[in-house]
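A.B. asks: Structure provided below as structure tokens; questions to follow.
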Amino acid sequence: DTEVTQTPKHLVMGMTNKKSLKCEQHMGHRAMYWYKQKAKKPPELMFVYSYEKLSINESVPSRFSPECPNSSLLNLHLHALQPEDSALYLCASSQAPSGGQETQYFGPGTRLLVL
Amino acid sequence: GQQLNQSPQSMFIQEGEDVSMNCTSSSIFNTWLWYKQDPGEGPVLLIALYKAGELTSNGRLTAQFGITRKDSFLNISASIPSDVGIYFCAGLRRNQFYFGTGTSLTVIP
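Protein chains in written order, with the working numbering: chain A, 9 to 123; chain B, 15 to 123.
Put into structure tokens, the structure is as follows:
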């Protein structure tokens with residue numbers, strides 16, 4: 009099983025709303041990622057959790073707040089977003105970071121529209 | 015962030031033709047991954063490469079890890095309409111994945 013699940017599939021929110029994106033994997037992976045992707049562009053890394061600890065924050069605005077409750081779950085809390093934050097948000101996971109053989113699997117994404 | 019140069023940027027081919035695309039970098043990578051992405055969906059892993067010189071196939075797809083560890087290519091043989099999509103390479107270096115700029119493939123029936 010190489011499945012990463014994400015909910016919701018689609019989300020429309022106003023600039024004053026608070027919402028959360030959820031991601032889950034059961035592959036025993038110890039690294040989990042949030043990416044933001046605009047149309048026809050490569051995914052842009054936002055956050056990396058390694059062994060449930062935040063290891064990389066790519067200077068993401070504080071209106072995005074990640075959380076890793078356990079090794080299988082990853083959340084992204086959204087608050088006071090801007091229209092330019094509208095994008096496809098992708099979750100991914102990979103084996104424990106080791107600098108060697110790792111394979112990264114993506115979820116189906118959440119299509120976010122900020123009005 | 016670190017860029018991987020992926021080419022070509024786009025391709026328009028006839029059904030049945032073979033396709034070749036590649037990724038290059040000035041840096042050495044430990045792993046190369048190739049993904050296909052359909053609009054509005056997440057990237058789907060096609061092939062993973064872990065050793066310099068490694069040649070791996072997955073059906074009509076063949077990919078190679080360059081001997082210098084700075085490049086990789088993906089070939090698709092006998093293309094079919096469902097091959098349409100955007101193909102991304104990704105390289106692993108220092109515990110971080112870096113993505114190519116993508117190759118948009120259109121297959122004309």
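Here a beta-carbon is modelled for each residue, glycine too, at the ideal position from N, C-alpha and C.
By the criterion of Cβ-Cβ separation under 9 Å, what are the contact partners of Phe55 (chain A) in chain B?
C.D. replies: By Cβ distance, chain B contributes nothing, its closest Cβ being about 12 Å from Phe55 (chain A), past 9 Å.
A.B. asks: The beta strand (DSSP E) that contains Asp85 (chain B), what's its start and end?
C.D. replies: Looking at the DSSP string, the run of the beta strand (DSSP E) that includes Asp85 (chain B) is Asp85 to Ile90.
A.B. asks: Per DSSP, Gln20 (chain B) forms a beta bridge with which residues?
C.D. replies: Per DSSP, B:Cys37.
A.B. asks: For Phe26 (chain B), which residues from the same chain have a beta carbon less than 6 Å from its beta carbon, with the 5 sequence-adjacent residues on both sides left out?
C.D. replies: Counting only Cβ-Cβ distances below 6 Å, and skipping sequence neighbours, we find Thr120.
A.B. asks: Report the three-state DSSP secondary structure of Ser94 (chain A) (helix, strand or coil).
C.D. replies: Correct three-state label for Ser94 (chain A): coil.
A.B. asks: Can you have a look at Pro91 (chain A) and say buried or exposed, based on whether 16 or more other CB atoms are within 10 angstroms of its CB?
C.D. replies: By the neighbour-count rule (16 or more Cβ atoms within 10 Å), Pro91 (chain A) is not buried but exposed.
A.B. asks: Given a threshold of 16 other Cβ atoms within 10 Å of its Cβ, counted over all protein chains shown, does Arg83 (chain B) qualify as buried or as exposed?
C.D. replies: It counts as buried.
A.B. asks: What separation, rounded to the nearest whole angstrom, lies between the Cα atoms of Ala104 (chain A) and Gly22 (chain A)?
C.D. replies: Roughly 37 Å separates the two Cα atoms.
A.B. asks: Within 8 Å of any Cβ in chain A, is that where the Cβ of Pro57 (chain B) sits?
C.D. replies: It does: the Cβ of Pro57 (chain B) has a partner Cβ on chain A nearer than 8 Å.
A.B. asks: Just by C-beta distance, which residues in the region 82-103 of chain B are closer than 7 Å to chain A?
C.D. replies: Cβ contacts with chain A come from Ile100 and Phe102.
A.B. asks: If you draw a straight line from the C-alpha of Tyr64 (chain B) to the C-alpha of Gln20 (chain B), how long is it?
C.D. replies: If I take the Cα positions, the gap works out to 19 Å.
A.B. asks: Quick one: does Pro16 (chain A) have its CB under 8 Å from some CB of chain B?
C.D. replies: So, not an interface residue.
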